[in-house]
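S.K.: Here it is, the structure in full.
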Amino acid sequence: MKSIYFIIGLLAFLGACNGPSTENKPSEETVTMETMKEKDIHSYSNPSQVVVKHLDWVAEVNFDSTSIEATAILTIDNLEATENLVLDINGLSIASVVLDGKEAATFTLGEHNEIFGQSLTIPINPETKLVSIKYTTDPNAQALQWLNPSQTAGKEQPFLFTQSQSILARSWIPLQDSPGVRFTYNAKVQVPSNLLAVMSASNPQQKNNTGLYEFEMKQPIPSYLMALSVGDIVFREIGERSGVYAEPSVVDKAAYEFEDLESMIAAAEALYGPYAWDRYDIIVLPPSFPFGGMENPRLTFATPTILAGDKSLVSLVAHELAHSWSGNLVTNATWNDFWLNEGFTVYFEHRIMESVYGRDYSEMLASLALQDLKSEIHEMEENGQSEDTKLKLNLEGRSSDDGMTAIAYDKGYMFLRYLEEQVGRERFDVFLKNYFTSNAFSVMDTETFLTILDKDLFESNGIERPAALYEEWVYGVGLPEGSPEPTSNRFEEVEKQLGKWQEKALLSDLEVDAWTTHEWLHFLRSLPENLTLEQMAALDAAFGFTNSGNSEITMAWMLHVIANGYTPGYEKLETFLIETGRRKFLTPLYKAMLEKEDGKTMANAIYSKARPNYHFVATNTMDALLNYTSK
Ligand code: BES
Ligand code: ZN
684 MKSIYFIIGL
694 LAFLGACNGP
704 STENKPSEET
714 VTMETMKEKD
724 IHSYSNPSQV
734 VVKHLDWVAE
744 VNFDSTSIEA
754 TAILTIDNLE
764 ATENLVLDIN
774 GLSIASVVLD
784 GKEAATFTLG
794 EHNEIFGQSL
804 TIPINPETKL
814 VSIKYTTDPN
824 AQALQWLNPS
834 QTAGKEQPFL
844 FTQSQSILAR
854 SWIPLQDSPG
864 VRFTYNAKVQ
874 VPSNLLAVMS
884 ASNPQQKNNT
894 GLYEFEMKQP
904 IPSYLMALSV
914 GDIVFREIGE
924 RSGVYAEPSV
934 VDKAAYEFED
944 LESMIAAAEA
954 LYGPYAWDRY
964 DIIVLPPSFP
974 FGGMENPRLT
984 FATPTILAGD
994 KSLVSLVAHE
1004 LAHSWSGNLV
1014 TNATWNDFWL
1024 NEGFTVYFEH
1034 RIMESVYGRD
1044 YSEMLASLAL
1054 QDLKSEIHEM
1064 EENGQSEDTK
1074 LKLNLEGRSS
1084 DDGMTAIAYD
1094 KGYMFLRYLE
1104 EQVGRERFDV
1114 FLKNYFTSNA
1124 FSVMDTETFL
1134 TILDKDLFES
1144 NGIERPAALY
1154 EEWVYGVGLP
1164 EGSPEPTSNR
1174 FEEVEKQLGK
1184 WQEKALLSDL
1194 EVDAWTTHEW
1204 LHFLRSLPEN
1214 LTLEQMAALD
1224 AAFGFTNSGN
1234 SEITMAWMLH
1244 VIANGYTPGY
1254 EKLETFLIET
1264 GRRKFLTPLY
1274 KAMLEKEDGK
1284 TMANAIYSKA
1294 RPNYHFVATN
1304 TMDALLNYTS
1314 K
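Written out as structure tokens, the structure reads:
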């Protein structure tokens, strides 16, 4: 496979020398599909030769067969008069391919690879404009999760949602499944008439009695942002251009939780310029959604585990909203540049939170991020994965999912915060706003970003760049010396109270009344690893951790429950793991069980009950962790 990529890469490079300009008036340094330096190692497609510009998707969602029957009509631009269009697919049954609405085409399928799926090669002419592919998805399509009514809040209707990032779009739509390729789309989707369908596009706000819904995404997006949800979904308005979708029994709680959404949008726009996607809505999905949130444009997909009842977990919304700039507007060219999506987004998330809730709030987030980062670097070093602690990744031959670590998120954040601290916030803000404006609707790779940084942050401000800056932060392992140190008075206070307890004060004497979720998280994370059962019981009696309705607190407490064999917490642990499919919670909890002597039996017993509730993204990780085989 390597040599093929080399040749394709070479062709791409040669193509770059006389590549045509694109519509979006990129600035000099902008990477376009035609000038991209690096081949996307996670896609079989050939976008430097022929590129998909638009998708018309006509689909029928069938809950009985748990499959989608669809036709994808691709409008292509054959840049190099090439003879083949190569698409990515994974598990699709292709019924037919037709060129320009008339000519049936033969097609060939490449060898199937477990991670990448397979190529679909379609012979085309230099004049071919439209390629229609009729196909059916597999019941086990990796992006799709089909839920029984019992797995929903309402328990009466089935539910379907997709998760396309990073390379799962190919399991439900044949596309050039690479973040460097942007296209617009229209869709017509038929669903059972009592259900509503929503997509990462213009959306209906009400069910109709035909079950046929039409969508339009007029801004070009990469394939990993293709998204669809179908279920008993209703809509509530939040502000002028924002609202929330959820099942009827969840929607009011969600509307309350996201009450500050309009202030967040305003804060974000003040930082990086106008919101480019018209509306910003959120859909709260059933609890098996494998992520906290997914930044599908116009419609963030979110886990219900952020509905804490007190708005304390809404930084996740700030995060997904921030992706409307970092990621959706300026997109990582390949998954090796993933930190450009996530590191910027964490930085931006903290800035939004600072501006809406104050610096002492955002410094708590930053301190927690630094803790996560340090422990992940430590773990990666122990496991011989130091190479993956570099911001610029090399995921050759590996799943793009391997890059989803605290490095991209929190080391990326720390790098940007470091830059801010070096040049001052005012200059950094000017730089960032300009960066998003001039690279809107483009792809960005790490090297191009560093060139822009050199020119527009350092040179233009007459500041000399520290010589080893990029070697240390971007191409170096671990956390560089002199990295930023968030300071949180509120956390210092938590440490003081904890100290009192360790010096034998009663738990009832600790001053905790004013604490918010984040202070409790810091408290739980700072507790000694080994606690006696008496101490566990006393903590639980004083603060009610086992019965907490806050998912982050539950998760932090359950790590102690597992580590100390605190049996009164086991029932809650099991229910939590069966109901929640959010991978960020599952991984540490199952790992913690494996570290205990008899923990493997416990982990397997819970997993066998919980697994049917999890999305592929979660089972894929947990199967490997627990050596689970279905055969
Ligand atoms: N885009 C990511 C989720 C993602 C990344 C899915 C890579 C698949 C592959 C999303 O924006 C995200 O980062 N979600 C986080 C939330 C966050 C506040 C850090 C999550 O789901 O935990
Ligand atoms: Zn993100």
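The sequence shown begins at 684 in my numbering and counts up by one.
All C-beta atoms in this analysis are idealised placements derived from N, C-alpha and C, irrespective of residue type, glycine included.
On a predicted model such as this, the values are computed, not experimentally measured, just so you know.
How is residue 854 classed by DSSP in three states: helix, strand or coil?
M.R.: By one-based count along the sequence shown, residue 854 stands at place 171. In the structure shown, residue 854 sits in a helix (DSSP, three-state: H, G or I).
S.K.: Using 7 Å as the cut-off, classify the Cβ of residue 726 as near or not near the heavy atoms of the ligand BES, replying yes or no.
M.R.: Taking the first residue of the sequence shown as 1, we reach residue 726 at position 43. No.
S.K.: Just to confirm before moving on: does the CB-CB distance between residue 1171 and residue 1046 stay below 8 Å?
M.R.: Working through the sequence shown from its first residue, we reach residue 1171 at position 488. Working through the sequence shown from its first residue, we reach residue 1046 at position 363. In contact: residue 1171 and residue 1046 (Cβ atoms closer than 8 Å).
S.K.: Between residue 1311 and residue 1294, what straight-line distance do the alpha-carbon atoms span, to the nearest angstrom?
M.R.: Taking the sequence shown and counting its residues from 1, the one referred to as residue 1311 is at position 628. Taking the sequence shown and counting its residues from 1, the one referred to as residue 1294 is at position 611. Those two C-alpha atoms are separated by around 10 Å.
S.K.: Assign residue 737 to one of three DSSP states: helix, strand, or coil.
M.R.: Translated into the one-based positions of the sequence shown, residue 737 becomes position 54. Looking at residue 737 - three-state DSSP - the assignment turns out to be strand.
S.K.: If the criterion is Cβ atoms closer than 8 Å, does the pair residue 769 and residue 729 meet it?
M.R.: Numbered from its first residue, the sequence shown carries residue 769 at position 86. Numbered from its first residue, the sequence shown carries residue 729 at position 46. Contact: yes.
S.K.: Within the stretch 936-971, note down every full alpha helix (DSSP H) run reaching 4 residues or more, in order along the chain.
M.R.: Segments of the alpha helix (DSSP H) lying fully in the stretch 936-971: 944-955.
S.K.: Report whether the distance from the Cβ of residue 1059 to the nearest heavy atom of the ligand ZN is below 7 Å.
M.R.: Here residue 1059 refers to the residue found at position 376 when the sequence shown is read from its first residue. Checking every heavy atom of the ligand ZN against the Cβ of residue 1059, none is found closer than 7 Å.
S.K.: At the level of alpha carbons, what is the spacing between residue 1201 and residue 865?
M.R.: Numbered from its first residue, the sequence shown carries residue 1201 at position 518. Numbered from its first residue, the sequence shown carries residue 865 at position 182. Cα-Cα distance, rounded: 38 Å.
S.K.: Say the cut is 7 Å; is the CB of residue 1025 nearer than that to a heavy atom of the ligand BES?
M.R.: Taking the sequence shown and counting its residues from 1, one reaches residue 1025 at position 342. Under cutoff, so the answer is yes.
S.K.: Of the choices 917, 965 and 961, whose alpha-carbon is the least far from that of residue 940?
M.R.: Locating residue 940 in the sequence shown gives position 257, counting from the first residue. It is 965 whose Cα lies nearest to the Cα of residue 940.
S.K.: According to the neighbour-count rule (16 or more other Cβ atoms, all chains shown, within 10 Å of its Cβ), is residue 986 buried or exposed?
M.R.: By one-based count along the sequence shown, residue 986 stands at place 303. Buried, since its Cβ has 16 or more Cβ neighbours within 10 Å.
S.K.: Using 8 Å as the Cβ pair cut-off and three pairs as the minimum, do the stretch 997-1014 and the stretch 1118-1136 touch?
M.R.: In short, these stretches touch, since the Cβ pair count reaches three.
S.K.: Below 6 Å CB to CB, which residues in the same chain sit around residue 1064 once its five sequence neighbours on both sides are set aside?
M.R.: The sequence position of residue 1064 within the sequence shown is 381, counting from 1. The answer is none, since no qualifying residue turns up.
S.K.: Enumerate in chain order the residues of its own chain whose CB-to-CB distance from residue 920 is below 7 Å, with the five nearest sequence positions on each side excluded.
M.R.: Your numbering for residue 920 matches position 237 in the sequence shown. Only 926 meet the Cβ criterion.
S.K.: Do the stretch 1260-1268 and the stretch 982-1002 make contact, defined as three or more Cβ pairs closer than 8 Å?
M.R.: Contact holds: three or more Cβ-Cβ distances are below 8 Å.
S.K.: What I want to know is whether the C-beta of residue 1028 ends up closer than 7 Å to one or more non-hydrogen atoms of the ligand ZN.
M.R.: Numbered from its first residue, the sequence shown carries residue 1028 at position 345. Answer for residue 1028: yes, Cβ within range of the ligand ZN.
S.K.: Take residue 835 and list the residues in its own chain whose beta-carbon comes closer than 8 Å to its own, dropping the five residues that flank it on each side.
M.R.: Indexing the sequence shown from 1 puts residue 835 at position 152. Excluding positions up to five away in sequence, the list reads 841, 842, 914, 915, 930 and 969.
S.K.: Is residue 723 buried or exposed, if buried means 16 or more other CB atoms sit within 10 Å of its CB?
M.R.: Stepping through the sequence shown from its first residue, residue 723 is reached at position 40. The residue in question, residue 723, is buried, as its Cβ has 16 or more Cβ neighbours within 10 Å.
S.K.: Excluding the 5 residues preceding and the 5 following residue 912 in the sequence, name in chain order all residues of the same chain whose CB lies nearer than 6 Å to its CB.
M.R.: Here residue 912 is taken as the residue at index 229 of the sequence shown, counted from 1. Closer than 6 Å at Cβ, skipping near neighbours: 844, 881 and 966.
S.K.: Out of 910, 1154, 1286 and 1258, which has the shortest C-alpha to C-alpha gap to residue 1075?
M.R.: Position 392 of the sequence shown, counted from the first residue, corresponds to residue 1075. Residue 1075 has its Cα closest to that of 1154, out of 910, 1154, 1286 and 1258.
S.K.: If I'm right that residue 905 touches residue 862 with Cβ under 8 Å, what's the distance once you round it to whole angstroms?
M.R.: Here residue 905 refers to the residue found at position 222 of the sequence shown. Here residue 862 refers to the residue found at position 179 of the sequence shown. At roughly 5 Å, the Cβ-Cβ gap stays under 8 Å, so residue 905 and residue 862 are in contact.
S.K.: For residue 1115 and residue 902, what's the separation of their Cα atoms in angstroms?
M.R.: Along the sequence shown, read from residue 1 onward, the residue named residue 1115 stands at position 432. Along the sequence shown, read from residue 1 onward, the residue named residue 902 stands at position 219. Distance between the alpha carbons of residue 1115 and residue 902 is about 22 Å.
S.K.: Cβ of residue 978 within 7 Å of any heavy atom in the ligand ZN?
M.R.: Your numbering for residue 978 matches position 295 in the sequence shown. Yes, since a heavy atom of the ligand ZN falls inside the 7 Å radius drawn around the Cβ of residue 978.
S.K.: Across which residues does DSSP place residue 767 in a beta bridge pair?
M.R.: Indexing the sequence shown from 1 puts residue 767 at position 84. Beta-bridge pairing links residue 767 to 806.
S.K.: Cutting at 7 Å between CB atoms, please list the residues of its own chain near residue 1079, excluding the five before and the five after it.
M.R.: Translated into positions along the sequence shown, residue 1079 becomes position 396. Excluding sequence neighbours, residue 1079 sits near 724.
S.K.: Between the stretch 1088-1098 and the stretch 1025-1037, do three or more beta carbon pairs fall short of 8 Å?
M.R.: Because the criterion of three Cβ pairs below 8 Å is met, the stretch 1088-1098 and the stretch 1025-1037 touch.
S.K.: Quick one, which of 1086, 1121 and 992 has its alpha-carbon nearest residue 1021's?
M.R.: Residue numbering aside, residue 1021 sits at position 338 when the sequence shown is read from its first letter. Cα-wise, what sits closest to residue 1021 is 1086.
S.K.: In the DSSP assignment, find the unbroken beta strand (DSSP E) run with residue 760 in it and report its ends.
M.R.: The count along the sequence shown starts at 1 and reaches residue 760 at position 77. Taken as a continuous stretch (DSSP letters only), the beta strand (DSSP E) holding residue 760 covers 750-760.
S.K.: Taking all protein chains shown into account, decide if residue 1088 is buried (16 or more other Cβ within 10 angstroms of its Cβ) or exposed.
M.R.: In the sequence shown, the residue the question calls residue 1088 occupies position 405. When all chains shown are included, residue 1088 counts as buried.
S.K.: To the nearest angstrom, report how far apart residue 955 and residue 946 are at their CA atoms.
M.R.: Taking the first residue of the sequence shown as position 1, residue 955 is located at position 272. Taking the first residue of the sequence shown as position 1, residue 946 is located at position 263. Straight-line Cα distance between these residues: approximately 14 Å.
S.K.: Cα-Cα, which of 1218, 1271 and 1213 is closest to residue 1237?
M.R.: Here residue 1237 refers to the residue found at position 554 of the sequence shown. Nearest of 1218, 1271 and 1213 to residue 1237, Cα basis: 1271.
S.K.: Below 8 Å on the Cβ atoms is my contact criterion, and I expect residue 1009 with residue 1101 to pass it. Report the Cβ-Cβ distance as a whole number of Å.
M.R.: Reading the sequence shown from its first residue, position 326 is the one you call residue 1009. Reading the sequence shown from its first residue, position 418 is the one you call residue 1101. Wrong, their Cβ atoms sit about 17 Å apart, outside the cutoff.
S.K.: Would you say residue 999 touches the ligand BES, meaning its beta carbon is less than 7 Å from a heavy atom?
M.R.: Residue numbering aside, residue 999 sits at position 316 when the sequence shown is read from its first letter. True, at least one ligand heavy atom lies under 7 Å from that Cβ.
S.K.: Which residue or residues does DSSP assign as beta-bridge partners of residue 772?
M.R.: Here residue 772 refers to the residue found at position 89 of the sequence shown. Answer is 801, bridged to residue 772.
S.K.: Taking the C-alpha atoms as reference points, what is the distance between residue 735 and residue 1091?
M.R.: As a first step, residue 735 is located in the sequence shown; it is residue number 52 there, counting from the start. As a first step, residue 1091 is located in the sequence shown; it is residue number 408 there, counting from the start. In a straight line, the C-alpha of residue 735 is about 29 Å away from that of residue 1091.
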